[in-house]
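Everything on this sheet refers to the single structure shown next.
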Amino acid sequence: LLLCSKQEISMWDIYKMGGPTAPVPCISEILEARSETAHLELTAKPDEWFRVMPKLVLDLVNPVPMGSLNSIPEHVNHFASLLLAHKFSRNRNEPVEFGCHTRTIEERGSHVNLDDPACVYLFTELHNLFKRAYFLIIHGQTDTRRGGLEHVLTLGYGRIKFQVYSSKMSTPEQIQAHHHGVSLALDVFRQKFAGGVTLDSEGDIHISDPDNKLRSKLKATVAGTVASLRPKGKGNNLYTRHAPVGTITSHKNTKVIIAENNGDLVYRDLTLTEACNAKGIYGERLKFVLSLPEDNAWKMLADCIPSGLHKAISRSLDQHHISTDGICETFKRHSILTANLARTTHP
325 LLLCSKQEIS MWDIYKMGGP TAPVPCISEI LEARSETAHL ELTAKPDEWF
375 RVMPKLVLDL VNPVPMGSLN SIPEHVNHFA SLLLAHKFSR NRNEPVEFGC
425 HTRTIEERGS HVNLDDPACV YLFTELHNLF KRAYFLIIHG QTDTRRGGLE
475 HVLTLGYGRI KFQVYSSKMS TPEQIQAHHH GVSLALDVFR QKFAGGVTLD
525 SEGDIHISDP DNKLRSKLKA TVAGTVASLR PKGKGNNLYT RHAPVGTITS
575 HKNTKVIIAE NNGDLVYRDL TLTEACNAKG IYGERLKFVL SLPEDNAWKM
625 LADCIPSGLH KAISRSLDQH HISTDGICET FKRHSILTAN LARTTHP
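Just so we're aligned: the sequence shown equals residues 325 to 671 in this note's numbering.
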């Protein structure tokens, strides 16, 4: 796309441009019956493994979260909740604050925590929702004693709640402080991200991050890795059954925790059929993969793009050349064909 686009690509956001896709299944949804796979199970004694995910994060993903507590996009609520669970686990439940507030500017002369990748992500998402420049988040129930702040959102699932407070904007002074805070935040981001930071006509902040500095530091948070076999290394990660499947490689070593008993972990690798189902491969396509020599099948599976992601990318290509007429003709014809296929097979 970068080579074939005749105009600048101002936005490449799969969530916004790609439209709805099938939800990513949890591992528990694609596991075969335990009675049929018991012979594949292994046991790790307490001294053979170690936990890598804090308890609060485990509480968030185990059991499977059922229904968010707000109307924001599900992927935003899920990712923000995981980031906050990690942060509250590290800072002993102290409030998490970030942004620019009149008090922080007076006391420190600048922003709070906008050099932290998690806070950068949370700040941009919350700012674009509420057009505020400062946020304070507590774990638990709402607290009416937060002077000068108002409650704007509850993140999380079920009994795991994160209460979001923001500076009020009811007086001219507060509104002026908000605009000053946004300006300070933009200055900080422009120094951090070489791709540039913009404020669009609706007041939303967009960070161009071609080096992937932000997401590369955050992406491990969304994985369901909760433990690791000793010694820690490639292929030794252990996934909870209640999160999406992690990376599937041709080494066929995606390990899933089946049960825990007095410190012993019962685990096994995904079968080829389970790994195919995790990538959305069913029916005739599944029969084809299973008909291949096993090593070839795993290599093909590791290389394939899940159908939901492929359709989202096709729709995004469609949106780009419709909005800008900015793709060379050969590439455009191909993207039109794949986009039409996506619209036909997954409206």
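From the three backbone atoms N, C-alpha and C, an ideal C-beta is built for every residue, glycine too.
Apart from the five residues just before and just after T669, which ones in its own chain have a Cβ nearer than 7 Å to its Cβ? Only weak support exists for where T669 lies, its pLDDT of 48 falling under 50; the coordinates are left without a value.
With a cut-off of 8 Å on the beta carbons, I'd call L681 and A404 a contact; round off their distance for me. Residue 681 is absent from the model: the chain starts at 325 and stops at 671.
Please report the straight-line C-alpha distance between N452 and S507, rounded to a whole angstrom. 14 Å
Is there contact here, the segment 512-527 with the segment 461-481, by at least three beta-carbon pairs under 8 Å? no
Secondary structure, beta strand (DSSP E): runs of 3+ residues fully inside the segment 569-629: 579-585 and 588-593
Give me the Cα-Cα distance between A583 and F486, rounded to the nearest whole angstrom. 29 Å
Residues that Q487 bridges to, as DSSP identifies them: I462 and T478
Short Cβ contact (9 Å threshold) for E474 with Y458: no
Touch test, the segment 609-619 against the segment 397-412, Cβ-Cβ under 8 Å, three pairs minimum: no
Please say whether A409 and P378 have beta carbons closer to each other than 9 Å? yes
Could you have a look at S494 and say whether DSSP puts it in helix, strand or coil? coil
Does DSSP put R414 in a helix, in a strand, or in coil? helix
If you run the structure through DSSP and keep just helix, strand and coil, what is F517? coil
Taking 8 Å as the limit between beta carbons, can you name the residues of its chain near Y563, skipping five residues before and five after? I351, A547, G548, T549, V550, V569, G570, T578, K579, V580 and I581
On the three-state DSSP scale, how would you describe G632? helix
Return helix, strand or coil for L438, following the three-state DSSP convention. coil
According to DSSP, simplified to helix, strand and coil, what is G505? helix
Which first and last residues belong to the alpha helix (DSSP H) in which E353 is found? I351 to I354
Three-state secondary structure (DSSP) of S525: coil
Would V420 and I461 be called neighbours here (beta carbons separated by less than 9 Å)? yes
For V400, three-class secondary structure by DSSP: helix
Using DSSP's beta-bridge definition, name the partner residues of H451. None, per the DSSP bridge assignment.
8 Å contact criterion, which K611 and P630 should meet: CB distance rounded: Not really, about 18 Å apart at Cβ, beyond 8 Å.
Sort S640, K556 and S413 by Cα distance to D383 and report the nearest one. S413
So which of E353, A362 and E372 has the shortest CA-CA distance to K556? E372
What's the gap between the Cα of L423 and the Cα of S532? With the sequence shown as reference, residue 423 is identified as Gly, and Leu is not the correct amino acid for it. Using only the alpha carbons, I get a separation of about 19 Å.
Using CA coordinates, which residue listed in I637, Q465 and F517 is at the minimum distance from D439? F517
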